[in-house]
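Under full-length UniProt numbering, the sequence shown has 214 at position 214, and the numbering climbs by one with no breaks.
Using N, Cα and C, we set each Cβ at its ideal position, and we do this for glycine too.
Quick notes on the structure that follows.
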Amino acid sequence: MSRETYAANIDEIMSLAYSVSYFTTWAAAGGGEVWAKFRSGNKAPSGLFEAYPATSNRHPLPGLNPEPCTEQMALSGPWHLRLPHFKMEFTPSAGDEIQSEFFVDRKDAPAAIAALEKIAPQINEILWVTEIRAIAADNLWMSPHYQRDSIGIHFTWKKVDAVYEMVKVVEAVLAPFKYRPHLGKVFSASPEHFKSVMPKVSDFTKLLTQLDPTNKFGNSFTDNLLGR
1 MSRETYAANI DEIMSLAYSV SYFTTWAAAG GGEVWAKFRS GNKAPSGLFE AYPATSNRHP
61 LPGLNPEPCT EQMALSGPWH LRLPHFKMEF TPSAGDEIQS EFFVDRKDAP AAIAALEKIA
121 PQINEILWVT EIRAIAADNL WMSPHYQRDS IGIHFTWKKV DAVYEMVKVV EAVLAPFKYR
181 PHLGKVFSAS PEHFKSVMPK VSDFTKLLTQ LDPTNKFGNS FTDNLLGR
């Protein structure tokens, strides 16, 4: 499925199944794949815009052996053996990689994807694959999905130094969409940007001061990010 078709129909596509992901390498002619995981008893459609059902197991990274991936082809099983993309006994994804992920408001996703399209050749040069996924809003103060239905744009980068500068380029493109970074993956967002997109930072730092006055559980990373 082309990225243009995916972005134009993102709500319908992401509502297709219990879990839906879109994988792309940002290659000029590559398009991408929709991975949909249905509850038992629900059937996949025979077609989805210009996409069609796979006839054999796939790996999210084009051309790789699908053996490490969890079972496909509508084979039912327990959730912990289906919702992950990879089997627990195998190395996930490429293995030797760097990851980043940025979350935008679901309503802004088509425009954010279109903006990234302008730097697609640069991304593709050092990328294994991008996964785009949907996450429901929650009420957790420091969650990137705090009171905002999100689309996550994840990058599995090749392990090269150029990634760190490329992350800054991606963040600059996504800045108008008030992206929230995944704090467990590589990002370069400034404390100022972080505070501007996370409305409960001030309340959280006050709570930290109350519950951890000696900063026992803090470090230079959290101090810088939170402005403590």
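query: Ala112 versus Leu183: straight-line alpha-carbon distance, rounded; result: 20 Å
query: Inter-residue spacing [alpha-carbon to alpha-carbon] between Asp203 and Phe102; result: 23 Å
query: Short Cβ contact (8 Å threshold) for Thr156 with Ala94; result: yes
query: Lys107, enclosing alpha helix (DSSP H) - first and last residue; result: It is not in any alpha helix (DSSP H) - Lys107 carries neither H nor E in the DSSP assignment.
query: Expected contact under 8 Å - CB spacing of Asp149 and Ala162 to nearest Å; result: That pair is no contact at about 33 Å.
query: 8 Å Cβ cutoff met for Tyr146 and Pro199; result: yes
query: Check whether Val186 and Leu116 have beta carbons under 8 Å apart; result: no
query: Which of helix, strand or coil DSSP assigns to Pro181; result: strand
query: Whole-Å CB distance - Ser40 paired with Ser76, under 8 Å assumed; result: 5 Å
query: Option in Val104, Trp35, Val169 with minimal Cα separation from Lys178; result: Val104
query: Sequence-distant residues of its chain with Cβ nearer than 8 Å to Ile123 (five each side left out); result: Trp26, Leu116, Thr130, Phe155, Met166, Val170
query: Assigned secondary structure, His154 (DSSP; H/G/I helix, E/B strand, else coil); result: strand
query: Residue nearest to Phe194 in terms of C-alpha spacing, selected from Trp35, Gln72, Asn224; result: Asn224
query: Close Cβ partners of Lys107 (< 6 Å) along its chain, the five nearest in sequence each way excluded; result: none
query: Where the beta strand (DSSP E) containing Glu131 begins and where it ends; result: 127 to 135
query: Enclosing alpha helix (DSSP H) for Tyr18 [first to last residue]; result: Note, Tyr18: premise wrong, no alpha helix (DSSP H); not H, not E.
query: Continuous alpha helix (DSSP H) stretch holding Glu50: start and end; result: Segment: none, Glu50 is in no alpha helix (DSSP H) and carries neither H nor E.
query: Check whether Asn57 and Pro66 have beta carbons under 8 Å apart; result: yes
query: Beta-carbon proximity of Phe49 to Trp35, cut-off 8 Å; result: no
query: Unbroken alpha helix (DSSP H) run spanning Glu4, endpoints; result: 3 to 8
query: DSSP three-state assignment for Ser196, whether helix, strand or coil; result: helix
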